[in-house]
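Chemist: The working numbering applies: residue 71 is where the sequence shown begins, and numbers increase by one.
All residues carry an ideal CB built from backbone N, CA and C; glycine is no exception.
All figures in this text were calculated on a predicted structure; none of them were measured in a lab.
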Amino acid sequence: MYAGRLNDLPIGKMRPLTIGNVGIILCRLSEAKIAAYHNICRHRGSELCRVEQPLGKTISCPYHAWSYAAADGRLVSTAHATPTADFNREENGLFPVATMLWNGFVFINAAEEPSAFVPDLGLEAYDNWPMTDLVTGHKLVRNLNCNWKVFWENYNECLHCPSIHPELSNLVPIYREGLMSETERQDWSPGKTTGNALKEGALTWTLDGQPCGPMFPDLTEVQIKTAANFVTIYPTAYIVAHVDYVRIVSLVPTSPETTQLTAEWLFSPAAMKQTEFDPSEVAAFASIVLEQDAEAAEMNQRGLRSPRFEAGRLMPQEFYIHHFHEWVRQRLNIN
Numbered sequence: 071m072y073a074g075r076l077n078d079l080p081i082g083k084m085r086p087l088t089i090g091n092v093g094i095i096l097c098r099l100s101e102a103k104i105a106a107y108h109n110i111c112r113h114r115g116s117e118l119c120r121v122e123q124p125l126g127k128t129i130s131c132p133y134h135a136w137s138y139a140a141a142d143g144r145l146v147s148t149a150h151a152t153p154t155a156d157f158n159r160e161e162n163g164l165f166p167v168a169t170m171l172w173n174g175f176v177f178i179n180a181a182e183e184p185s186a187f188v189p190d191l192g193l194e195a196y197d198n199w200p201m202t203d204l205v206t207g208h209k210l211v212r213n214l215n216c217n218w219k220v221f222w223e224n225y226n227e228c229l230h231c232p233s234i235h236p237e238l239s240n241l242v243p244i245y246r247e248g249l250m251s252e253t254e255r256q257d258w259s260p261g262k263t264t265g266n267a268l269k270e271g272a273l274t275w276t277l278d279g280q281p282c283g284p285m286f287p288d289l290t291e292v293q294i295k296t297a298a299n300f301v302t303i304y305p306t307a308y309i310v311a312h313v314d315y316v317r318i319v320s321l322v323p324t325s326p327e328t329t330q331l332t333a334e335w336l337f338s339p340a341a342m343k344q345t346e347f348d349p350s351e352v353a354a355f356a357s358i359v360l361e362q363d364a365e366a367a368e369m370n371q372r373g374l375r376s377p378r379f380e381a382g383r384l385m386p387q388e389f390y391i392h393h394f395h396e397w398v399r400q401r402l403n404i405n
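Have a look at this one:
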């Protein structure tokens, strides 16, 4: 699961994070080191961290004052409690949570045997962007009245684009056809060149199509022409890297029919230092698109409640939805 940007958690701080009914503590130990633990004391299960707070060498339980080493979760002290002779301190440390730092993003996996972290386009997908140096300039939080999978289904097709996203379809001509890329056209064949993804004169996803600041210098011609370079990390987030900024959208289920969506816009320090630079203006375009997607997903969820609902037949353009369904089935061990 996506847990935030490393730079947004100061060194020497710890922060609670809740995913479903699982509480996690994120601990920023040093410039490039972070630790995570289940947010429960090994004594009687009390919550350890309630709000972001300073992190010392130990994490102390506010209930009975048991303390644990911040660096590795070892039980350091049982405070006023007197352990019995057969009490094993080594077996009573904090339960660890696996962490992964990738391009300045923090990911966690609370499973006892965490699987490998694998973005859909590989770990090298964003090597040409200065990801670790980017700073968060704008943030949007939207509570969705839909199951998290409904939102992902919407994300995985563009048949809805002509009717739901007029502004986006104007910026990205191929979306007017209900397609996600030129490679989905029936007359496309391997080796056939593709043009610029955006309409003439536009370079990025902003209201006027113009970059908000200096373009990232190391992008390839293909990356510039693509304009919106997507990476998907199920089930937690997707990232969109543009020529001038980056956006990450993350999802956290809060009930069977509600989901919290968080979008963060990341900019270079040079862009942020520009006179009269307003990150919210840059975010305005994608915010419109996200709100349209949210309303579409909520509309879909309301229909799913009908007792007459039967799963419909996916169309050829919805092959990414089929891939997503297969991903879910595999995790649920459904053949």
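What are the start and end residues of the beta strand (DSSP E) that includes W335?
Modeler: W335 -> beta strand (DSSP E) spans T328 to F337.
Chemist: Could you give the distance in angstroms between the alpha-carbon of E202 and the alpha-carbon of F379?
Modeler: Reading the sequence as shown, one finds Thr at residue 202 and not Glu. Whole-angstrom Cα-Cα distance: 46 angstroms.
Chemist: Which whole-angstrom value is the C-beta distance of T324 and V211, which I expect to be below 8 angstroms?
Modeler: Not a contact, Cβ separation roughly 12 angstroms.
Chemist: Does the beta-carbon of Q362 have 16 or more other beta-carbons within 10 angstroms, so that it is buried, or is it exposed?
Modeler: So Q362 counts as buried.
Chemist: How is P236 classed by DSSP in three states: helix, strand or coil?
Modeler: Helix.
Chemist: Going by beta-carbon coordinates alone, are V167 and A106 separated by less than 8 angstroms?
Modeler: Closer than 8 angstroms, so yes.
Chemist: Buried or exposed: H235, going by 16 or more other Cβ atoms within 10 Å of its Cβ?
Modeler: Buried: at least 16 other Cβ atoms inside 10 Å.
Chemist: Could you pull the start and end residues of the beta strand (DSSP E) that G207 belongs to?
Modeler: Residues V205 to L214.
Chemist: Using the Cα positions of T302 and F157, report the straight-line distance between them to the nearest angstrom.
Modeler: Straight-line Cα distance between these residues: approximately 45 angstroms.
Chemist: For the region 122 to 136 against the region 175 to 183, are there 3 or more C-beta pairs whose distance is under 8 angstroms?
Modeler: As far as the Cβ criterion goes, the region 122 to 136 does not touch the region 175 to 183, which means the pair count is below three.
Chemist: Closest by CA to R401, which one among W218, Y304, P260 and A141?
Modeler: Of the candidates W218, Y304, P260 and A141, the one whose C-alpha sits nearest the C-alpha of R401 is Y304.
Chemist: With 16 other CB atoms within 10 Å as the buried threshold, where does F165 fall?
Modeler: It counts as exposed.
Chemist: Is D278 buried or exposed, if buried means 16 or more other CB atoms sit within 10 Å of its CB?
Modeler: By the neighbour-count rule (16 or more Cβ atoms within 10 Å), D278 is not buried but exposed.
Chemist: Measure the alpha-carbon distance for D288 versus H312 and round it to whole angstroms.
Modeler: If you take the alpha carbons of D288 and H312, they lie about 12 angstroms apart.
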